[in-house]
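Colleague: Got a structure for you, questions after.
Protein chains: 2
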Amino acid sequence: MEQKKQNPTAEDETQTISRRIQRISLHITPIPRPLHDHDSNLGLLPCATREKLVVETEKLSVYMRGKYRDIQEKIYEYFNARPELQTPVEISKDEHRELCWRQMNGLIREAGIRPLKYVVEEPAKYFAIAEAVGAVDISLGIKLGVQYSLWGGSVMNLGTKKHKDKYSEKIDSLEYPGCFAMTELHHGNLFHLYYFANEMRFLAEKCVASIFMELSESSNVQGIQTVATFDPITDDFTINTPNDGAIKWWIGNAAVHGKFASVFAKLMLPTHDAKGVSDMGVHAFIVPLRDFKTHQVLPGIEIHDCGHKVGLNGVDNGALRFTSVRIPRDNLLNRFGDVSRDGKYTSSLPTINKRFAATLGELVGGRVGLAYSSVGVLKIASTIAIRYSLLRQQFGPPKQPEISILDYQSQQHKLMPMLASTYAFHFATVNLVKIYSQMKMTHDEQLVGEVHALSAGIKAYVTSYTAKSLSVCREACGGHGYAAVNRFGSLRNDHDIFQTFEGDNTVAADLLKQYKEKFQGGTLSVTWNYLRESMTTYLSQPNPVTSRWEGVEHLRDPKFQLDAFRYRTSRLLQSAAVRLRKHSKTLGGFGAWNRCLNHLLTLAESHIESVILEKFIEAVEKCPDASSRAALKLVCDLYALHRIWNDIGTYRNVDYVAPNKAKAIHKLKDHLSFQVRNIAKELVDSFDLPDHVTRAPIAMQSEAYAQYTQHVGF
Amino acid sequence: MEQKKQNPTAEDETQTISRRIQRISLHITPIPRPLHDHDSNLGLLPCATREKLVVETEKLSVYMRGKYRDIQEKIYEYFNARPELQTPVEISKDEHRELCWRQMNGLIREAGIRPLKYVVEEPAKYFAIAEAVGAVDISLGIKLGVQYSLWGGSVMNLGTKKHKDKYSEKIDSLEYPGCFAMTELHHGNLFHLYYFANEMRFLAEKCVASIFMELSESSNVQGIQTVATFDPITDDFTINTPNDGAIKWWIGNAAVHGKFASVFAKLMLPTHDAKGVSDMGVHAFIVPLRDFKTHQVLPGIEIHDCGHKVGLNGVDNGALRFTSVRIPRDNLLNRFGDVSRDGKYTSSLPTINKRFAATLGELVGGRVGLAYSSVGVLKIASTIAIRYSLLRQQFGPPKQPEISILDYQSQQHKLMPMLASTYAFHFATVNLVKIYSQMKMTHDEQLVGEVHALSAGIKAYVTSYTAKSLSVCREACGGHGYAAVNRFGSLRNDHDIFQTFEGDNTVAADLLKQYKEKFQGGTLSVTWNYLRESMTTYLSQPNPVTSRWEGVEHLRDPKFQLDAFRYRTSRLLQSAAVRLRKHSKTLGGFGAWNRCLNHLLTLAESHIESVILEKFIEAVEKCPDASSRAALKLVCDLYALHRIWNDIGTYRNVDYVAPNKAKAIHKLKDHLSFQVRNIAKELVDSFDLPDHVTRAPIAMQSEAYAQYTQHVGF
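For the record, the sequence lines run as chains F and V.
Quick note, the first sequence lines up with residues 1 to 714 if you use our numbering.
Quick note, the second sequence lines up with residues 715 to 1428 if you use our numbering.
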């Protein structure tokens, strides 16, 4: 489906959009339902309309679940049946690591989940497993990711047949627990699952650079300093950590359980010239860390425990120093570059940077998985906060029963746009997984670029939003949200490291590349298609007539919403390109990039929001059940108008939106929040998270208070 | 000083402001200093100007420190000399509670700090102690607050001479550890230090109600359900928990150490009518919890451990249920209401609500202390993040040395407005403590109202900002920010509960009361003085000439900045009053209040920002050292323009700011961020936090990396 849409003409797309809008407008007919009596004097009804949708949770839930629900339920049921494998509220780091290891062994050996083949062959299923496992304990989700996506993934994706034959079965069965040793103390300091982050900065710089300056191929932006020097006499590599800054840091599975690591190091080949060695760039090598039988750390390897972390203490991160560690030549993961017996280097890729990019490209799945799992965390948190807010009664009009705290406008303001965003991100990440899976099957070059930039952008955007929302949820539940048993603390601490902003830069850089290609007559990839229209349509003066339209029908029209999102992106892109060009003359490429960095990050965010809205609108349109569709349409409108309102300054500043239209947007946004509140229960129920998965006593679907007081011992 | 300014005429104030501006503009002459060479091509210089201030840290630091620095240093030195009292990175809940208790005993019995008299007589000194103790471990700060400000404060402020004679010495020496038992499971669910939050909502409702509806005195908004029934035969009270929802919850010091509690309960007096008892409203009672010798829980009292919390696990929060617990009549804290031997009630205050308000009013110090300590936490976090960002080098222009990550525009964007806000909040909370101290001395009624609303607003605003900033700091330090030893995790988890939004409502309600008084010819209290001008000046159409001024001199003029802040508040206040009046006709008072709740919260925030800016401008003006003053002026301008930019949509929407002026504000804000970055080291050094207080290895002022690798074991 995504494939078919490549390179349509602008006309094609306009037609497609208007067909969609017609279809949507036919479908959306909210079904009125009377509210309970005393609502009318609670200020709960911002408009005269009092319709409340009837949502059939089961139907909406089926639409949301996806095809891998079975394996997720199998995982939930397995852990539900084994209370001894449940992570307690208080647990020491060392106990947590051992429990996490037992959980993983149970999952693989008892529940019979075998994730490795899905990493390569059916990524959507692998991500579904990772999401479910993360709901059990995020540490377990990350430990699983280290073993299968990082260690396993590096062997499967960067190695060749000999490696797969030797390692894959034993990795899958946990006989060969392993690590992914890329990050170093001074470079790539971000948490190791975040190995992309710095590389993204590098790629961003490089992409911007490709427009505005010349970057020498030999620039040391790859940063990694660990070296692997080939010795043609003994036919092996010697791995060395040249200085303390090159100590591998934050390496998951290293402190306790790992037997192997895929170590990223500069491949050095002996030469006959004065230098003596030649740097072939960063490659990955399989390095045994511990003795199979004794589990003793092998000679030349020094491992220290990185110690207590803010969260994820079930994962044993370690620091590794190598001193003349010899490994056979066969241990080079040689898919993108190989060394022959006599020390000759061969590669299908011409330059160091292209090889490094190909290497990283194969590991992009980690980013996709993080985005996907982050939405899983957001679903759990928003479910807990909303179920509690529905339960909790507080105050109310004089001499009347107290009302649910979700009936307070301020509580709706905190939680309803968050619920809408959760739905938006759900569809956006499902789509991301879909195109990632297509990419893994087709290796289509355009899709590779697409997945690369989109995964960076969506991961950065979604994880940042989830991190903030976890704090909002805690606050929204007041003191009881502060009880560890109600989970916001551990969810926030564990999820915290999922986020980083660096990934955004790539998106901005990619947009700029697209912008350049547009002006050079090149083609635009799928995601950026709308820019084709943008550059010609959106950049003309805002339409003084439509900027004044303020009717509800217009504001809820997906065309208006998408236009607004895309208009903003187009403006930001154009102005960024102009500013970069201007500043590069005086500041050089890097200086210009840095000077416009905030601008580029805003641009990236704006683009990602455009993509998310587009996917949400598509998902509304495709929903087969009328009442579910109406509910989704409501949620989608809230998402769109809430985002537009958040950036109303920009829209007003260019008169894209007239003053009264801005007010109308604000009013409608509040009204939609109220309407979504009326179906909030059904919307969280449709995430289909049973009580034994959400686990927080305050969010139990019956007797929540009793379960909470029981927990404390009453 | 604050006293003298009461009720000036509008003319007076205008004159004062223009005098101030003249003085400020005379003082501010930034001293240029050349930058290092390669800055010019890093995009680091957003304007042609390249001046860098020379800041004499020692002088600025002296201005910031305040007069209680000595006692803070005594505390820092005491704990620095006793490593066995330092909280380790990993510690179980139970061990943490015992350690926290040992820390407090050391502080009181070894270091000889005696806080109780300061709680009543010299609050500024008490808050300085609490801030320093919080820097050692936030749990210790809260445990201290429970013992001295809450338990001790309730006895000293709500009791009479007989209570002080009997308890004060033993509370001060820790012989009588005690609790403050207000919060109940169903009502007042917010963490118990947050006992104000719900009551503030009640007061807010009541204040709004006083304008728009009639609230019966008997409405049950006080919420507390625990009862204390007087028995004239035995001359004692019987304390009872009538249902599970009335269990006292989150009571600090209760689970392990407390011997007493001041219990808030409805005072019931026997009557001779059909009802049998009469509810005299909520009063506080001293209830012994545990046996002096055996530490056994006394009969009729059930105590359970509230368990593991998101943070503050050094504080032993418990849940208390009372079953026919008898206490002597003397244990009623009888300052605002008393019961005679024959069961007659007497009070100097006429109604239940007035007595309850007086009771809470005496406890307002907790809120002041939280705001003050929250700024202390923000100083520590921003110092760690900024020192690390200065140290950490990453990338840079091709073939040039790497640059500090604080040279990246995106990092400046994250951290420099935060540093400016830290300075702003420092002066705002110092001022709050000052007027609180005046209030405690004078009992001036207007000051009481002032402190009440201002402390609610500033606490809500500051704690919310600090909570968000702790996450930003963690992210800004990447993976190393995720190492527990670098403190962001525990700071965030411990501080988290400091925040709540409810307090804001009071401010909004108070503003509305002031608004009403303005129109009824009443007087305005100190803080709201500017509204006098606002209502006449600001609400006219924005000046089409000044809305186009975009010169740097104009944008850095405190008059422009304050006008902009106050204009926004005035508009929000006027529109809120209009909307409330309109909606109250159809929705009733409560409904109208709820319908406008987000509006009221925005109004409250806007007002608080106006007050913070005003105090910051005053502090700049008063600074005696020219270079420090110039530095503070820079920081103050960044604070002001950053806030204005954050709300640019509002300003644009009413054409208070023309499009090009908006752009100029944005540009200047980035430039000021860059200039503040150039003195960021000096600005954090002026907080005067030695390495043994900040403690994070990544923020050490020498050999940070070596200390970090040593910590891990290399």
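Each residue gets a CB set at the ideal place from its N, CA and C atoms; glycine is no exception.
Because the structure is a prediction, the values reported are computed rather than measured.
#1: Let me know if V:V1165 comes out buried or exposed under the rule of 16 or more other beta-carbons within 10 Å of its beta-carbon.
#2: Our contact map puts V:L1205 next to V:V1091 with C-beta atoms below 8 Å; I'd like the distance itself, whole angstroms only.
#3: Do V:S969 and V:G1028 have their C-beta atoms within less than 8 Å of each other?
#4: What's the gap between the Cα of V:L1104 and the Cα of V:I1094?
#5: Output needed in chain order: residues of the region 565-588 of chain F with a Cβ under 9 Å from some Cβ in chain V.
#6: Ignore the nearest five residues each way along the sequence and tell me which others in V:S1400's own chain have a CB closer than 7 Å to its CB.
#7: Should V:I1119 go down as buried or exposed, given a rule of 16 or more other Cβ atoms within 10 Å for buried?
#8: With H, G and I counted as helix, E and B as strand and the rest as coil, what does DSSP make of F:F714?
#9: Under a Cβ-count criterion, where at least 16 other Cβ atoms within 10 Å of its own Cβ denotes burial, should F:H599 be classed as buried or exposed?
#10: I believe V:M1130 touches V:R1391 by the beta-carbon criterion, under 8 Å. Please report the beta-carbon distance rounded to the nearest angstrom.
#11: Using a threshold of 7 Å, is the CB atom of V:G1021 nearer than that to any non-hydrogen atom of the ligand MN?
#12: Using a Cβ-Cβ cut-off of 8 Å, state whether V:P1373 counts as contacting chain F.
#13: Check distances from the C-beta atoms of the region 685-702 of chain F to those of chain V and list, in chain order, the residues that come in under 9 Å.
#14: Tell me which residues of the region 1174-1189 of chain V have at least one Cβ-Cβ distance to chain F shorter than 7 Å, keeping chain order.
#15: Near F:P288, which residues of its chain fall below 8 Å by C-beta distance, leaving aside the five closest residues on each side in sequence?
#16: Give every residue of the same chain whose Cβ lies closer than 8 Å to the Cβ of F:H308, excluding the five residues on either side of it in the sequence, and list them in chain order.
#17: Rank F:T694, F:F714 and F:Q701 by C-alpha distance to the C-alpha of F:G134 and give the top, closest one.
#18: I'd like the ranges of any alpha helix (DSSP H) spanning at least 4 consecutive residues and lying wholly in the region 625-652 of chain F.
#19: If we count Cβ pairs, one from each stretch, closer than 8 Å, do we get three or more for the region 959-969 of chain V versus the region 983-990 of chain V?
#20: Excluding sequence positions up to five away, which residues of its chain have a Cβ less than 7 Å from the Cβ of F:D542?
#21: Quick one: list the residues of chain F neighbouring V:H810, beta-carbon separation under 8 Å, in chain order.
#22: For F:G252, count the other beta carbons within 10 Å of its own beta carbon; 16 or more makes it buried, fewer makes it exposed. Which is it?
#23: What residue does the beta strand (DSSP E) around V:E1319 start on, and which one ends it?
#24: If you scan the region 1012-1085 of chain V from start to end, which runs of the alpha helix (DSSP H) of 4 or more residues do you find wholly inside it?
#25: Return the bridge partner residues of V:S1118 from the DSSP annotation.
#26: From V:A1410 to V:T1260, what does the alpha carbon distance come to, in whole angstroms?
#27: Going by CA-CA distance only, name the one from F:M280, F:F616 and F:R581 that's closest to F:K559.
#28: For chain V, find out if any of its Cβ atoms is closer than 8 Å to the Cβ of F:D717; answer yes or no.
#29: Residue ranges of each alpha helix (DSSP H) run of no fewer than 4 residues wholly in the region 851-881 of chain V, ordered along the chain?
#30: For F:L597, which residues in chain V fall below 7 Å Cβ to Cβ?
#31: What's the call for F:H583, buried or exposed, on a 16-neighbour Cβ count within 10 Å?
#32: Consult DSSP for V:K1007 and reduce its assignment to one of helix, strand or coil.
#33: For F:L116, which residues in the same chain have their Cβ closer than 8 Å to its Cβ, ignoring the five residues on either side in sequence?
#34: Quick one: complete alpha helix (DSSP H) runs, 4+ long, within the region 1112-1178 of chain V?
#35: Here's a check: name, in chain order, each residue in its chain whose Cβ is nearer than 7 Å to the Cβ of F:Q394, leaving out the five neighbours to either side.
#36: Just the Cα atoms here: how many angstroms apart are V:A1275 and V:A1354?
Modeller: Answer, in terms of the structure:
#1: The residue is buried, with at least 16 neighbouring Cβ atoms inside 10 Å.
#2: Contact flag correct, Cβ pair sits at about 6 Å.
#3: The amino acid occupying residue 969 of chain V in the given sequence is Ala; Ser does not appear at that position. Not closer than 8 Å, so no.
#4: 16 Å
#5: H583, T586, L587 and G588
#6: T771, L774, S775 and M778
#7: Burial is judged here by how many other beta carbons sit within 10 angstroms of a residue's own beta carbon; V:I1119 has at least 16 and is buried.
#8: Three-state result, F:F714: coil.
#9: Within a 10 Å sphere around the beta-carbon of F:H599 sit 16 or more other beta-carbons, which makes this residue buried.
#10: 6 Å
#11: In the structure on display, the ligand MN does not appear, and there are no ligands present to speak of.
#12: Yes, because at least one Cβ of chain F sits closer than 8 Å to the Cβ of V:P1373.
#13: none
#14: Result list: A1181, S1185, R1188 and E1189.
#15: K259, F260, L298 and I327
#16: K93
#17: F:T694
#18: 626-646
#19: Using a C-beta cut-off of 8 Å, the region 959-969 of chain V makes no contact with the region 983-990 of chain V, since fewer than three inter-stretch Cβ pairs fall below that distance.
#20: Contrary to the premise, residue 542 of chain F reads as Pro rather than Asp in this sequence. Once the five neighbours on either side are set aside, the close Cβ partners of F:P542 are V654, D655 and Y656.
#21: What V:H810 touches in chain F: nothing, since even the nearest Cβ is about 10 Å away.
#22: buried
#23: No beta strand (DSSP E) holds V:E1319; the alpha helix (DSSP H) holding it covers L1311 to K1336.
#24: 1066-1075
#25: V:Q1107
#26: 48 Å
#27: F:F616
#28: Because chain F here runs from 1 to 714, residue 717 of chain F falls outside it and cannot be looked at.
#29: 852-858 and 867-872
#30: In chain order, Y1122, Q1123 and S1124 make up the part of chain V whose C-beta sits under 7 Å from the C-beta of F:L597.
#31: buried
#32: coil
#33: Y148, G152, M156, S168, I171 and D172
#34: 1123-1156
#35: Taken in chain order, the residues that qualify are E402 and I405.
#36: What sits at residue 1275 of chain V in the sequence shown is Gln, not Ala. Roughly 6 Å separates the two Cα atoms.
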